[in-house]
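Please read the structure below before turning to the comments.
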Amino acid sequence: MKILTICYSLTGNNQKLANYLKEKLNCDTFEIKTKKKIGFSTVFMGLVFKKNPKLKEYKINFEIYDKIIFVSPVWFGKLAFPIKSFLLKEKPNILNYCFLTICLGGQKDKLEKELTSILEKKPFYIEEFGFKKLKEEGKLKQFDKLNEKNFEELKKDIDKSLKYLI
Ligand SMILES: Cc1cc2nc3c(=O)[nH]c(=O)nc-3n(C[C@H](O)[C@H](O)[C@H](O)COP(=O)(O)O)c2cc1C
Numbered sequence: 440m441k442i443l444t445i446c447y448s449l450t451g452n453n454q455k456l457a458n459y460l461k462e463k464l465n466c467d468t469f470e471i472k473t474k475k476k477i478g479f480s481t482v483f484m485g486l487v488f489k490k491n492p493k494l495k496e497y498k499i500n501f502e503i504y505d506k507i508i509f510v511s512p513v514w515f516g517k518l519a520f521p522i523k524s525f526l527l528k529e530k531p532n533i534l535n536y537c538f539l540t541i542c543l544g545g546q547k548d549k550l551e552k553e554l555t556s557i558l559e560k561k562p563f564y565i566e567e568f569g570f571k572k573l574k575e576e577g578k579l580k581q582f583d584k585l586n587e588k589n590f591e592e593l594k595k596d597i598d599k600s601l602k603y604l605i
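To get my numbering, take the position in the sequence shown, counting from 1, and add 439.
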């Protein structure tokens with residue numbers, strides 16, 4: 440069983456998740472990169488103008504993979520725009536996929552609907568690893584960027600999901 444993790448991360452949280460999956464599942468990973476650097480202001484501009492960013496050139500041999508695991512943040516209750524660009528571009532190549540995210544949490548059903556509507560197929564699994572609780576407990580120090588200790592706290596939930604990915 441060959442698995443490819445496809446990740447987008449702006450502030451590093453979902454990159455941590457992708458790295459952890461690589462370690463646990465021994466999968467290949469691909470990082471989505473935008474042509475223009477994205478910052479918080481461009482994220483808001485993207486929301487206003489409803490434009491998905493252009494991606495840097497890449498080549499993926501989808502045929503050799505049995506499963507794809509998408510890993511990406513959620514912005515404004517929706518898929519982060521770069522992953523949306525990727526899904527729209529690669530729709531015919533994405534056959535068996537699941538979606539994982541480290542985000543605040545609370546919109547799993549909405550995300551499943553968005554994914555299904557873009558790709559016209561349901562994910563075989565979807566999970567949010569929400570950090571709302573860590574935030575409420577005052578454990579997040581710098582905005583919403585998780586440090587190693589915060590990530591350790593989410594690992595229990597991530598580990599529970601691993602069996603659904605293989
Ligand atoms: C502009 C913006 C909007 C966000 N909107 C949501 C949201 O609607 N729901 C949510 O659960 N998290 C939301 N978040 C939190 C991110 O999903 C979360 O911080 C994520 O872990 C960031 O991932 P990254 O570090 O991989 O970029 C938002 C973050 C940003 C920057």
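By construction, the Cβ of each residue, glycine as well, lies at the ideal position given by its N, Cα and C atoms. Values in this document were obtained by computation on a predicted structure and should not be read as measured data.
Just the Cα atoms here: how many angstroms apart are N491 and E559? Distance between the alpha carbons of N491 and E559 is about 19 Å.
Reduced DSSP secondary structure (H/G/I, E/B, other) of I426: Absent from the structure is residue 426, since the part of the chain shown begins at 440 and ends at 605.
DSSP three-state call for F582: helix, strand or coil? coil
Give the secondary structure of D505 by DSSP, where H, G and I count as helix, E and B as strand, and everything else as coil. coil
Validate contact between the region 508-527 and the region 442-455 using beta carbons, cut 8 Å, 3 pairs: yes
Boundaries of the alpha helix (DSSP H) in which I382 is found, first to last residue: Past the boundaries of the shown model lies residue 382; the chain is included only from 440 to 605, so the question cannot be answered.
Looking at S600: is its Cβ nearer than 7 Å to the Cβ of E566? Against a cut-off of 7 Å, the Cβ pair of E566 and S600 comes out as a contact.
Skipping 5 residues on each side, what residues in its chain have a beta carbon closer than 8 Å to that of G545? E567, G569, K571
Is the CB of S448 under 7 Å away from at least one CB in chain B? Among the protein chains of the structure shown there is no chain B, as only one such chain exists.
Name the one or two DSSP bridge partners that I565 has. F538
According to DSSP, is E470 part of a helix, a strand, or is it coil? strand
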